[in-house]
Each structure stands twice: as structure tokens, then as C-alpha cells.
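Residue numbers (my numbering): 1306 to 1493.
This is how it looks when you write it as C-alpha cells:
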């Protein structure tokens, strides 16, 4: 009877530990990371705060640089999203890690993004060190999408392809996930 009781006790203990771990996992997933609020002035001279922006419409924070092939590949998709969702979505193009004129670049490409120049400090607050970065906060400033958390899609031809080829491969997938996140905000 002794060894059977010990096995039963161990089994019950394991089940309780698994239950606690699963509960903690669910609880931590339910608590969304918070997007740091910030105040900035767009390249067109508009003073904004993130809290005000997300209160008015869904807002995509796009951290980018003009030299980034992944940013360049994603931009037409973001413009498509902007046109598809209309006034319900605003794209804040946070230009960082770049000496080029971000507003001129966006204007020359014909994109409808609100450019925030010299956004290095904002990027640091978000922990974004590379480009592109895409974050979508909800009206409560809870982060509902972060590009860095998407599973990485590997190219069928291999990862030794040029960055521009890899960017062209990944950008449509990223855009589809961004749309899914925006649609999820509408439902929530």
C-alpha cells in the first residue's frame, strides 16, 4: 500500500502543479503589454499624443528607416491598409536610425502616413532597435500586435537570398497579420 499511496500522491501533486502553471500561463497571456504613451509633432506640424490618436481611430505605429528594404517592401501594403480602412486607421511613421529626410521620402512615394521624424527616443521606449517595427495599441494603450512576436516565415528558396528578396517574401504575410489585428480590434 505504501508505494501505491506515494505514486498517487505524486500524481495528484503533478496535476496540481500543471493546473497552477496552466492558470498562470492563461493569466499572463490575458494581461497585455502596455504601449508607452508619447507626445510628438508630425512633419506637417501637428502636435499629437498616442493616447489621443488611439481614442480617435485605430493607430499603427510603424518604426522605419529609408535605407531598410523590409520597410520599403511593407510600405505599399501599409498604404493599401490605409486606403482599405479609410479614416478608421492612421499610420504613424516613426522615422528613426536614419539621417535621410523621412517626410520627403514618404511624400515622394505618395504614402498617406503621418511622419514623426527623429523618433529614436520613442523607439527606445518601445524596445525597438531594428527595422521595421510595427505595433498596434488598442484604445486602452494595450499592445494588440507587435511584428517582433510573429513567427518567422522561412523562404522556400533558402535564407541566403538578398534582403530585398526576403523582404518581398515577408511583407504580404506581415500585412495580412496587421489586417487580422485591426479586424480583431473592431470585434473587441
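Ideal Cβ positions, reconstructed from N, Cα and C, are used throughout, including at glycine.
DSSP state of residue 1354 mapped onto helix, strand, coil: strand
For residue 1400, the nearest candidate out of 1390, 1428 and 1412 (CA to CA): 1428
Residues bridged to residue 1397 (per DSSP): 1366 and 1419
C-alpha gap between residue 1487 and residue 1392, whole angstroms: So the alpha carbons of these two residues sit roughly 13 angstroms apart.
Bridge partner(s) assigned by DSSP for residue 1339: Beta bridge pairing from DSSP links residue 1339 with 1447.
Residue 1339 to residue 1358 span [Cα, whole Å]: Answer to the nearest angstrom: the Cα atoms are 15 angstroms apart.
One or two residues paired with residue 1441 in a DSSP bridge: 1450
Extent of the continuous alpha helix (DSSP H) to which residue 1409 belongs: 1407–1414
Neighbourhood of residue 1356 by C-beta, 6 angstroms cutoff - its chain only, sequence neighbours within 5 removed: 1342
CB of residue 1367 within 8 angstroms of CB of residue 1398, strictly: yes
Local conformation of residue 1486 per DSSP, three classes: helix
Which listed residue (1372, 1345 and 1437) has its alpha carbon closest to that of residue 1453: Closest by alpha carbon: 1437.
Spatial neighbours of residue 1430 in its chain, beta-carbon cut-off 8 angstroms, leaving aside the 5 residues before and after: Excluding sequence neighbours, residue 1430 sits near 1341 and 1343.
Residue(s) in a DSSP beta bridge with residue 1346: 1352
Exposure of residue 1475, with buried meaning 16 or more beta-carbon neighbours within 10 Å: buried
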